[in-house]
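Here the structure is laid out as structure tokens; the discussion comes afterwards.
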């Protein structure tokens with residue numbers, strides 16, 4: 149039956165032969181945008197959870213003996229504070245590793261005025277008033293500076309939300325562009341085959357039969373383009389994930405696309421095929437009403 153419905157349409161011309169490739173490019177861009185938006189959301193959520201469960205206390209004193217005294221006082225206060233699971237001083241090597249991106253690789257005994265850093269892990273159960281804790285820390289250790297990362301984390305969250313909005317806007321524009329391209333292709337096909345369609349109308353053919361022929365053709369275009377586009381997208385995402393994993397833990401690796409999400413990408417060729425077929429059917433029906 150499919151063969152009979154397609155008989156009045158000749159084989160794809162050059163203009164339609166490019167349509168699967170155009171759909172493939174559109175799906176490639178759409179898959180990258182969706183994957184990036186999801187990865188950014190997941191990465192920021194995981195990263196912000198880790199940061200919100202930790203606070204940092206700096207003891208900035210040039211005199212080593214005084215710095216050690218204030219660090220011990222701050223440690224006693226923090227460990228006695230409800231809601232604090234653990235408080236420990238970072239080793240000098242770890243502190244130097246933190247500042248090495250700005251200062252370069254320096255020896256530990258470089259006599260730089262490096263502050264003592266206290267890493268504080270919260271238990272996540274008992275809420276802590278960081279403002280009150282900061283005031284008590286300044287009494288016990290006047291050089292103590294508490295950083296709960298909230299101001300900086302808020303900027304990161306705002307940036308992530310803005311990037312996600314832009315990426316979802318790109319997805320919407322890609323979908324609308326695909327619809328426009330398919331609509332143009334259908335109308336061009338109808339114009340090309342206007343004479344056979346008119347003859348079929350005179351022979352008593354119904355619009356549903358003509359629509360079915362276009363449905364099958366554009367469904368095939370959508371499947372072909374969708375498979376090609378998603379294969380390129382998954383290959384690209386796999387390469388990005390490999391490159392990001394080599395960077396180790398951190399913000400960049402947190403944004404690497406998840407392998408579990410790649411399974412959902414396999415559904416996108418079906419979405420592209422259905423979108424193409426539905427657009428073709430609506431376009432052909434509208435055009436046939438205008439031809440009557």
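Numbering (my numbering), first residue to last: 149 to 440.
Don't be surprised by glycine CBs; every beta carbon is placed ideally from N, CA and C.
Exposed or buried, which one is residue i when buried takes at least 16 other CB atoms within 10 Å?
i, result
"residue 268", "buried"
"residue 265", "buried"
"residue 298", "exposed"
"residue 414", "exposed"
"residue 387", "exposed"
"residue 403", "With a pLDDT of 48 at residue 403, under the threshold of 50, the predicted position of this residue should be treated as unreliable, though the coordinate-derived value follows. Buried, since its Cβ has 16 or more Cβ neighbours within 10 Å."
"residue 303", "exposed"
"residue 192", "buried"
"residue 197", "exposed"
"residue 324", "exposed"
"residue 383", "exposed"
"residue 322", "buried"
"residue 287", "exposed"
"residue 411", "exposed"
"residue 235", "buried"
"residue 332", "exposed"
"residue 330", "buried"
"residue 456", "Limits of the chain in this structure are 149 at one end and 440 at the other, which puts residue 456 out of reach."
Helix, strand or coil for residue i per DSSP?
i, result
"residue 207", "strand"
"residue 273", "coil"
"residue 267", "strand"
"residue 326", "helix"
"residue 426", "helix"
"residue 188", "helix"
"residue 182", "helix"
"residue 414", "coil"
"residue 311", "helix"
"residue 166", "coil"
"residue 443", "Only positions 149 to 440 of the chain appear in this structure, which leaves residue 443 out of reach."
"residue 228", "coil"
"residue 399", "Because residue 399 sits at a pLDDT of 47, beneath the cut-off of 50, its placement in the model cannot be relied upon, and the following sentence gives the value as read from the coordinates. Helix, per DSSP."
"residue 289", "coil"
"residue 441", "Within the shown structure, residues of the chain are numbered from 149 to 440, placing residue 441 beyond reach of any answer."
"residue 262", "coil"
How many angstroms separate the CA atom of residue i from the CA atom of residue j?
i, j, result
"residue 271", "residue 231", "5 angstroms"
"residue 351", "residue 328", "32 angstroms"
"residue 376", "residue 424", "15 angstroms"
"residue 292", "residue 316", "43 angstroms"
"residue 168", "residue 182", "21 angstroms"
"residue 184", "residue 195", "16 angstroms"
"residue 345", "residue 318", "37 angstroms"
"residue 398", "residue 422", "At residue 398 the pLDDT is 48, less than 50, meaning the model places this residue with poor confidence and gives no usable figure here."
"residue 296", "residue 289", "17 angstroms"
"residue 208", "residue 227", "20 angstroms"
"residue 213", "residue 275", "33 angstroms"
"residue 205", "residue 385", "39 angstroms"
"residue 221", "residue 186", "44 angstroms"
"residue 309", "residue 190", "12 angstroms"
"residue 224", "residue 188", "38 angstroms"
"residue 431", "residue 368", "17 angstroms"
"residue 239", "residue 379", "47 angstroms"
"residue 305", "residue 262", "30 angstroms"
"residue 170", "residue 348", "31 angstroms"
"residue 311", "residue 215", "42 angstroms"
"residue 416", "residue 175", "8 angstroms"
"residue 362", "residue 307", "44 angstroms"
"residue 364", "residue 201", "55 angstroms"
"residue 237", "residue 173", "52 angstroms"
"residue 300", "residue 334", "51 angstroms"
"residue 229", "residue 273", "13 angstroms"
Residues bridged to residue i by DSSP?
i, result
"residue 239", "Answer is none; residue 239 lacks a bridge partner."
"residue 234", "269"
"residue 295", "204"
Are there any heavy atoms of the ligand COA lying less than 7 angstroms away from the beta-carbon of residue i, as far as the coordinates show?
i, result
"residue 226", "Ligands displayed in this structure: none; no statement on the ligand COA is therefore possible."
What are the complete alpha helix (DSSP H) segments, minimum 4 residues, inside the stretch 330-375?
342-350
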